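Worksheet: one structure, shown below.
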Amino acid sequence: EAQVTQNPRYLITVTGKKLTVTCSQNMNHEYMSWYRQDPGLGLRQIYYSMNVEVTDKGDVPEGYKVSRKEKRNFPLILESPSPNQTSLYFCASSFMGTGTEAFFGQGTRLTVV
Amino acid sequence: GESVGLHLPTLSVQEGDNSIINCAYSNSASDYFIWYKQESGKGPQFIIDIRSNMDKRQGQRVTVLLNKTVKHLSLQIAATQPGDSAVYFCAENNAGNNRKLIWGLGTSLAVNP
Numbered sequence: 007e008a009q010v011t012q013n014p015r016y017l018i019t020v021t022g023k024k025l026t027v028t029c030s031q032n033m034n035h036e037y038m039s040w041y042r043q044d045p046g047l048g049l050r051q052i053y054y055s056m057n058v059e060v061t062d063k064g065d066v067p068e069g070y071k072v073s074r075k076e077k078r079n080f081p082l083i084l085e086s087p088s089p090n091q092t093s094l095y096f097c098a099s100s101f102m103g104t105g106t107e108a109f110f111g112q113g114t115r116l117t118v119v
Numbered sequence: 066g067e068s069v070g071l072h073l074p075t076l077s078v079q080e081g082d083n084s085i086i087n088c089a090y091s092n093s094a095s096d097y098f099i100w101y102k103q104e105s106g107k108g109p110q111f112i113i114d115i116r117s118n119m120d121k122r123q124g125q126r127v128t129v130l131l132n133k134t135v136k137h138l139s140l141q142i143a144a145t146q147p148g149d150s151a152v153y154f155c156a157e158n159n160a161g162n163n164r165k166l167i168w169g170l171g172t173s174l175a176v177n178p
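Chains as they are written, first to last, in the numbering used here: chain E, 7 to 119; chain A, 66 to 178.
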């Protein structure tokens, strides 16, 4: 089954403790991206990747890092999480390139206290 | 379920009726548009897309209409079912924004049995 898998689904952490949210897709898609979703603000793109070793900032990249060492995986790294990064995060992928997000993961609910 | 927005526009319809969800997009240079469905607790799901060289595109029970003159997009759902209850997002893609998607804030569709 074609899917984007995120882990964990839920995470509560403390300010400053580094964390990684993993994202994996099994469709051999070149394009992957990360979004955060907040009430009243909708979906905002954090980072995207056109292919292996090619990443670029989205609209709200501050406080986040990503890596794309292999095509299927696109982890989101919070080096020093802060409470304003409490949000619902989604990973997405597509075979058609930038701005064509076709498949989304189930989401990761992150709470930073 | 997850809250995806505060004070979203809400459309309430009876089961079996047709639904029309509207969206005004922002940039006349946008040339690709996507409708997504997000059910409570899940990631956005791609429903249907349309390119700017088309006025109408049909899928299974869904039709998207594009009016470039007034920068308006609509999603029509035929014979609405309880499973159609969700938040619906339109998104636009244009080369002027580095091809990143610009997301609407969503419309909540409630289907009454």
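All C-beta atoms, glycine included, are put in the ideal place defined by N, C-alpha and C.
It should be emphasised that the depicted structure is a prediction, and the values quoted were computed from it without experimental measurement.
Chain C beta carbons: is any one of them nearer than 7 Å to that of residue i?
i	result
Arg164(A)	This model lacks chain C altogether; the protein chains it does include are E and A.
List, in chain order, every chain A residue whose beta-carbon is nearer than 9 Å to that of residue i.
i	result
Thr28(E)	Within 9 Å Cβ-Cβ: nothing; Thr28(E) doesn't reach chain A, min ~15 Å.
In chain E, which residues lie with their C-beta within 9 Å of the C-beta of residue i?
i	result
Asn158(A)	Thr104, Gly105, Thr106
What distance in whole Å lies between the Cβ atoms of residue j and residue i, which are believed to be in contact at a cut-off of 8 Å?
i	j	result
Ile86(A)	Leu140(A)	5 Å
Phe80(E)	Ser100(E)	Contact doesn't hold; Cβ gap of about 12 Å is too wide.
Asp149(A)	Val129(A)	So it is not a contact: roughly 15 Å between Cβ atoms.
Val152(A)	Thr172(A)	7 Å
Gly105(E)	Tyr90(A)	About 13 Å; that fails the 8 Å criterion.
Counting only C-beta atoms, is residue i closer than 7 Å to chain E at any point?
i	result
Phe111(A)	yes
Leu130(A)	no
Are the C-beta atoms of residue i and some chain A residue less than 7 Å apart?
i	result
Gln9(E)	no
Gly22(E)	no
Phe80(E)	no
Phe96(E)	yes
With burial defined as no fewer than 16 other Cβ atoms inside 10 Å of the residue's Cβ, what is the status of residue i: buried or exposed?
i	result
Ile18(E)	exposed
Pro109(A)	buried
Glu157(A)	buried
Asn57(E)	exposed
Thr21(E)	exposed
Which residues bound the beta strand (DSSP E) around residue i?
i	result
Arg78(E)	Where Arg78(E) is concerned, there is no enclosing beta strand (DSSP E), given that its DSSP letter is neither H nor E.
Asn177(A)	172-177
Asn158(A)	151-158
So which residues on chain E does residue i lean against when the C-beta distance must stay under 8 Å?
i	result
Trp100(A)	Here the premise fails: no neighbours, minimum Cβ distance about 12 Å.
Tyr97(A)	Gly105, Thr106
Give me the chain A residues within the contact set of residue i, using Cβ-Cβ distance strictly less than 7 Å, ordered along the chain.
i	result
Gln112(E)	Lys107, Gly108
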